[in-house]
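Q: I am attaching a structure below and will ask some questions about it afterwards.
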Amino acid sequence: MTDLFRQLASFLLRAETLLERIEPLLPPASALPDWRAAKAFRWRKSHGVGYLQPITRLPAIRLDDLHDIDEQKARIDANTRHFVAGKPANNVLLTGARGSGKSSLIKALLNAYGADGLRVIEVEKGELTDLPDIVELVDGRPERFIVFCDDLSFDSGDARYKALKVVLDGSIAAAPENVLIYATSNRRHLMPEYFAEKLESKRVGEEIHPGEAIEEKVSLSERFGLWISFYPFDQDAYLNIVAHWLKSFGCAPDEIPGAERDALNWALERGSRSGRVAWQFARDWAGRQRVAPARPQRSRTKTVPGSSVVARKRPRGA
Numbered sequence: 023m024t025d026l027f028r029q030l031a032s033f034l035l036r037a038e039t040l041l042e043r044i045e046p047l048l049p050p051a052s053a054l055p056d057w058r059a060a061k062a063f064r065w066r067k068s069h070g071v072g073y074l075q076p077i078t079r080l081p082a083i084r085l086d087d088l089h090d091i092d093e094q095k096a097r098i099d100a101n102t103r104h105f106v107a108g109k110p111a112n113n114v115l116l117t118g119a120r121g122s123g124k125s126s127l128i129k130a131l132l133n134a135y136g137a138d139g140l141r142v143i144e145v146e147k148g149e150l151t152d153l154p155d156i157v158e159l160v161d162g163r164p165e166r167f168i169v170f171c172d173d174l175s176f177d178s179g180d181a182r183y184k185a186l187k188v189v190l191d192g193s194i195a196a197a198p199e200n201v202l203i204y205a206t207s208n209r210r211h212l213m214p215e216y217f218a219e220k221l222e223s224k225r226v227g228e229e230i231h232p233g234e235a236i237e238e239k240v241s242l243s244e245r246f247g248l249w250i251s252f253y254p255f256d257q258d259a260y261l262n263i264v265a266h267w268l269k270s271f272g273c274a275p276d277e278i279p280g281a282e283r284d285a286l287n288w289a290l291e292r293g294s295r296s297g298r299v300a301w302q303f304a305r306d307w308a309g310r311q312r313v314a315p316a317r318p319q320r321s322r323t324k325t326v327p328g329s330s331v332v333a334r335k336r337p338r339g340a
């Protein structure tokens with residue numbers, strides 16, 4: 023019996039020594055975020071361990087700054103207001119023209135409802151497989167969390183969309199009531215569709231039944247309860263947005279009509295009339311109209327400290 027105890031003690035000693043050598047190689051434990059440090063967080067990875075990084079500098083954009091998308095703004099504002107109040111609300115997919123205000127709406131909602139407990143967690147597409155860990159981390163918190171995925175799209179064969187499907191509505195476990203997913207994309211179905219897949223569709227009587235490939239791709243976007251579509255702006259809407267941002271940058275009302283031709287040329291060069299293009303033009307135009315204060319010229323004379331004698335520049339040739 024004594025030999026057995028000796029062998030066991032020797033084994034435990036060797037195991038403890040091995041663990042001491044392995045421990046420095048293991049990734050550090052993920053620290054809990056300071057929920058009071060910020061209203062927005064970004065999911066980050068360090069040594070294979072994910073953590074929430076506070077975002078302390080937020081854009082000051084407001085819902086009133088977003089023009090000519092009143093219907094879209096009203097729908098997502100109502101959904102978010104219900105969510106913050108603890109009422110039933112839907113996951114949201116915002117799709118459509120680039121630069122039309124999809125991402126700006128999420129930022130404006132945080133500024134509008136952050137004081138009421140709304141929080142935003144930004145997750146990049148490459149980290150979507152960590153969504154279950156993120157959801158578990160915030161489950162039970164008193165705050166209301168929007169998991170924000172910007173510019174979301176997937177290539178054929180990309181398995182990360184399955185992780186998003188599970189969190190949206192594909193797991194046996196119910197999603198926490200304090201978490202919603204808001205995603206933006208230029209594609210309504212989030213994945214490319216090919217002509218060959220269209221050929222798989224079948225006609226049954228007067229109905230068209232899509233093929234399995236199309237059904238698989240559509241199934242992801244259908245898990246979002248609310249679809250909000252954005253469209254390119256016409257010329258009047260574009261100039262209206264330009265005028266708003268010029269005014270916000272301090273331009274006088276009588277200056278704004280004189281900027282319209284330059285604003286249209288600016289959009290023509292970029293091939294797009296969008297809210298983003300209007301904001302970029304307004305920043306450029308307002309900056310060029312502001313004359314920088316003249317710098318004081320340096321004196322060519324120098325006073326000798328402690329004396330009233332002025333040293334003058336020596337004449338050339340002296």
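In my numbering, the protein residues as written are 23 to 340.
For glycine and all other residues, C-beta sits at the position ideal for the given N, C-alpha and C.
Do the stretch 121-128 and the stretch 81-94 touch if we need at least three Cβ pairs shorter than 8 Å?
A: Cβ pair count under 8 Å is three or more, so yes.
Q: To the nearest angstrom, report how far apart S207 and S251 are at their CA atoms.
A: Roughly 10 Å between the two C-alpha positions.
Q: Are the stretch 151-158 and the stretch 283-296 touching by the rule of at least three beta carbon pairs closer than 8 Å?
A: Output reads no: the stretch 283-296 does not touch the stretch 151-158.
Q: Near A60, what residues of its chain come up, given a Cβ to Cβ distance below 6 Å and the 5 sequence neighbours on each side ignored?
A: The answer, listed in chain order, is P76, I77 and T78.
Q: Within a Cβ cutoff of 8 Å, which residues of the same chain sit near H104, ignoring the five residues on either side of it in sequence?
A: Cβ within range, chain order: P110 and A111.
Q: Under 8 Å: do the stretch 129-140 and the stretch 262-277 share three or more Cβ pairs, one atom per stretch?
A: Touching, no.
Q: Expressed to the nearest angstrom, what Euclidean distance is found between the alpha-carbon atoms of W57 and A31?
A: Spanning the two alpha carbons is a distance of roughly 45 Å.
Q: Less than 8 Å between the beta carbons of G72 and D173, yes or no?
A: Not closer than 8 Å, so no.
Q: Hey, could you find the ends of the alpha helix (DSSP H) G309 is sitting in?
A: G297 to Q311 is the span of the alpha helix (DSSP H), which, as asked, contains G309.
Q: Unbroken beta strand (DSSP E) runs of length 3 or more, entirely within the stretch 115-175: which are they?
A: Complete beta strand (DSSP E) runs here, min 3: 140-144 and 166-171.
Q: Taking the alpha carbon of F255 as the point to measure from, which residue in W249, R245 and A289 has its own alpha carbon closest?
A: Looking at the Cα atoms, A289 is the closest of the given residues.
Q: What do you get for L35, buried or exposed, if any count of 16 or more other CB atoms within 10 angstroms of its CB means buried?
A: Exposed, since its Cβ has fewer than 16 Cβ neighbours within 10 Å.
Q: Can you tell me the Cα-Cα spacing of D87 and E144, whole angstroms?
A: Those two C-alpha atoms are separated by around 22 Å.
Q: Consult DSSP for A205 and reduce its assignment to one of helix, strand or coil.
A: A205 falls in the strand class under three-state DSSP.
Q: With H, G and I counted as helix, E and B as strand and the rest as coil, what does DSSP make of L54?
A: DSSP places L54 in coil when its eight states are reduced to three.
Q: What do you reckon, are the CB atoms on L261 and W307 nearer than 8 Å?
A: The answer is no: Cβ separation not under 8 Å.
Q: Classify R305 as buried or exposed, calling it buried when 16 or more other Cβ atoms lie within 10 Å of its own Cβ.
A: Counting Cβ neighbours within 10 Å, R305 comes out exposed, since fewer than 16 surround it.
Q: Could you check if F33 is buried or exposed, using at least 16 other CB atoms within 10 Å of its CB as the buried criterion?
A: It is exposed - the Cβ of F33 has fewer than 16 other Cβ atoms within 10 Å.
Q: Mapping DSSP to helix, strand and coil, what is R64?
A: Strand at R64.
Q: Please go through the same chain and pick out, in chain order, the residues whose beta-carbon is closer than 7 Å to the beta-carbon of R298, but skip the five residues on each side of it.
A: Hits under 7 Å: G121.
Q: In three-state terms, what does DSSP make of I263?
A: If DSSP states are grouped into helix, strand and coil, I263 belongs with the helices.
Q: Within the same chain, show all residues whose beta-carbon is closer than 8 Å to that of A314, passing over the 5 residues directly before and after it, in chain order.
A: Residue confidence is low: A314 scores 45 on pLDDT, short of 50, so the model does not pin down where it sits. Its coordinate-derived value is still stated next. Same-chain partners within the cutoff: there are none.
Q: L248 to V169, Cα distance in whole Å?
A: So the alpha carbons of these two residues sit roughly 15 Å apart.
Q: Where does P18 sit, in a helix, a strand or coil, going by DSSP?
A: Nothing in the structure corresponds to residue 18, since the chain is present only between 23 and 340.
Q: Please list the terminal residues of the continuous alpha helix (DSSP H) segment that includes F252.
A: Element bounds for F252: not the alpha helix (DSSP H) but the beta strand (DSSP E), L248 to F252.
Q: Compare the Cα-Cα distances from L116 to each of F246, R28 and D161 and report the closest residue.
A: Closest option to L116, Cα to Cα, is F246.
Q: Quick check: what's the CA-CA separation for R292 versus P164?
A: If you take the alpha carbons of R292 and P164, they lie about 45 Å apart.
Q: Report yes if the C-beta distance between V157 and V106 is below 8 Å; otherwise report no.
A: No, they are not a contact pair.
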